[in-house]
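Enquirer: Structure below; questions to follow.
Chains as they are written, first to last, in our numbering: chain B, 803 to 977; chain R, 803 to 977.
Okay, here's the thing in C-alpha cells:
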C-alpha cells in the first residue's frame, strides 16, 4: 500500500469545552500513528470572556510548542440546550481561532466519521473508541475522557486523509 | 453631577454574528458620548474555521487601530435553535478572544440592561433603540442594524458604568 510511504505529520486534535478542553498531538502517516502529547486544559472562574482568552492562549501554546501542521475537531450538531450550545460554541471558537491564526488548516468531522475512521464502524460506543485510541497509540495508562476524544479526532483525521489519498491515487476505486 | 468630570474613555461595542459582526467605538465619560467609528465585518465562505479566524483578525485590527480601553458585548440567552446557537457562540468566542488577548476587559449585558441604559426602559423596541443611538451620538446617516446594535451596547456600557460610579460615590443611594 503506497500510503505507508506518506510522510509522517503532526496532527493536533481538540475536544473543546467551556470548562475542560482536551488536546492530543499524534504523529501519523495515516497508517501508523504514535502519541506525541496529550492533556486537558481546565479553565475556571466567573469571568467567562477571560476563560475564552485562556483557552485561546493555552491552545496557542500547544501549537507553538509542538508545531502540528493540521488541526482536527469534532463537529457538534446536538446539545442539551441552547444555552450550553452557546457556551460550547464560544469555547470551540476560541480553540479554532488559536489554530487558524497560527496558520493551521482546520478539518471538521462528525462523531460518526471519527468512529468510522478509528474503530471501523460509525456506531461504536464511547468505550470502544477509548480502547482503540489506547491500542492504536500503544498507550498503557488511562486517559482523561476529553484527552482521549481529542486523540480520537486526530486519529480519525489521519485515517480519513490517508483513505482519501489512496482513493485519489487509485482513480476513485475503493481499496 | 460629579460624574461629568470623569475622564473620557474609548469603548468598543460588538454585536457578533457568524456572517455579519457589527462594531462600534464611542468616546464617553458616561454622560456625554461621541461616535468615533463603526461598521460591519462580513465573513463568507464554506470554510467556517477560516471565517472565525477572519472575525478574530479583523476585530483585532479594530482594537489595534482605535485602542479602546473596554469592550462591551450583549449576552445572548435565546436563539432559534441549537445549531444556530453553536454558530453564533463560535463567532462570539472569536470576537471576545480578539479583545481579551489585547488586554481589554470585557463586560456583558443582557438586551434588557442595554435598552434600560440607552433608552431608559427595558422594554424598548428595536427601532427606539436605533433612534436613540443616532440621537445620542448625533448621527445623521442611517446605520446598519448590526452596527447600531454594537454602538448601543457600547453606550449601554458607558451609561451603566457611570451610574455604578455615581452610586458608589453617593454611598449606594439612588440619584
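Quick reminder that beta carbons are idealized off the backbone N, C-alpha and C, glycines included.
(1) Could you list the residues in the stretch 915 to 945 of chain R with a C-beta less than 8 Å from some C-beta on chain B, going in chain order?
(2) May I ask you to report which of helix, strand or coil DSSP gives residue 976 of chain R?
(3) What number of angstroms, rounded off, separates the C-alpha of residue 803 of chain B from the C-alpha of residue 966 of chain B?
(4) Residues of chain B with a CB under 8 Å from the CB of residue 823 of chain R: which are they?
(5) Can you tell me where the alpha helix (DSSP H) with residue 861 of chain R in it begins and where it stops?
(6) Report the three-state DSSP secondary structure of residue 906 of chain B (helix, strand or coil).
(7) Under 8 Å Cβ to Cβ from residue 975 of chain R, same chain only, skipping five residues before and after it: list those, please.
(8) Can you give the Cα-Cα distance for residue 960 of chain R and residue 915 of chain R, rounded to whole angstroms?
(9) Between which two residues does the beta strand (DSSP E) containing residue 846 of chain R stretch?
(10) Using a beta-carbon distance below 8 Å, is residue 975 of chain R in contact with chain B?
(11) Report whether the distance from the Cβ of residue 914 of chain R to the nearest heavy atom of the ligand ADP is below 7 Å.
(12) If I measure Cβ to Cβ from residue 941 of chain R and keep anything under 7 Å in the same chain, skipping five residues before and after, which residues do I get?
(13) Contact defined as beta carbons within less than 8 Å: I believe residue 906 of chain R pairs with residue 820 of chain R. What is the distance between those atoms, to the nearest angstrom?
(14) List the whole-angstrom C-beta distance separating residue 842 of chain R from residue 877 of chain R, where the pair is believed to meet the contact cut-off of C-beta under 8 Å.
(15) Under a three-way DSSP split, which group does residue 774 of chain B fall into?
(16) DSSP three-state label for residue 833 of chain R, please.
(17) From residue 852 of chain R to residue 954 of chain R, what distance separates their C-alpha atoms?
(18) Would you call residue 858 of chain R buried or exposed, if buried means 16 or more other Cβ atoms sit within 10 Å of its Cβ?
(19) Are the C-beta atoms of residue 903 of chain B and some chain R residue less than 8 Å apart?
(20) Between residue 811 of chain R and residue 872 of chain R, how many whole angstroms is the CB-CB distance? I'm expecting something under 8 Å.
(21) If you measure between the beta carbons of residue 893 of chain B and residue 854 of chain B, is that distance less than 8 Å?
(22) For residue 963 of chain R, count neighbouring C-beta atoms within 10 Å of its own C-beta (all shown protein chains included) and say buried if the count is 16 or more, exposed if not.
(23) Where in the stretch 881 to 929 of chain R do unbroken runs of the alpha helix (DSSP H), each at least 4 residues long, occur, reported from the N-terminal end onward?
(24) Using only the alpha-carbon positions, how far apart do residue 808 of chain R and residue 931 of chain B sit?
(25) Measure from the C-beta of residue 842 of chain R to each C-beta in chain B and report whether the shortest distance is under 8 Å.
(26) Excluding sequence positions up to five away, which residues of its chain have a Cβ less than 6 Å from the Cβ of residue 867 of chain B?
Expert: Based on what the coordinates show:
(1) none
(2) Confidence at residue 976 of chain R is low in this model, with a pLDDT of 45, below 50, so its placement is unreliable and the value that follows should be read with caution. Here residue 976 of chain R sits in coil by DSSP.
(3) Because residue 803 of chain B carries a pLDDT of 42, less than 50, the predicted location of this residue cannot be relied on, and no value is offered for it.
(4) Simply none; closest approach about 12 Å.
(5) 850 to 868
(6) coil
(7) With a pLDDT of only 48 at residue 975 of chain R, under 50, the local geometry of the prediction cannot be trusted, and no value is derived from it.
(8) 12 Å
(9) Residue 846 of chain R -> no beta strand (DSSP E), and no H or E assigned at all.
(10) Caution is warranted here: a pLDDT of 48 is assigned to residue 975 of chain R, below 50, making its placement in the model unreliable, and no coordinate value can be reported.
(11) What this structure holds is no ligand at all, so the ligand ADP is not there to describe.
(12) 837
(13) That belief does not hold up - the Cβ atoms of residue 906 of chain R and residue 820 of chain R are roughly 22 Å apart, past 8 Å.
(14) Not really, about 21 Å apart at Cβ, beyond 8 Å.
(15) Past the boundaries of the shown model lies residue 774 of chain B; chain B is included only from 803 to 977, so the question cannot be answered.
(16) coil
(17) 28 Å
(18) buried
(19) yes
(20) 7 Å
(21) yes
(22) buried
(23) 884 to 902 and 913 to 920
(24) 59 Å
(25) no
(26) none
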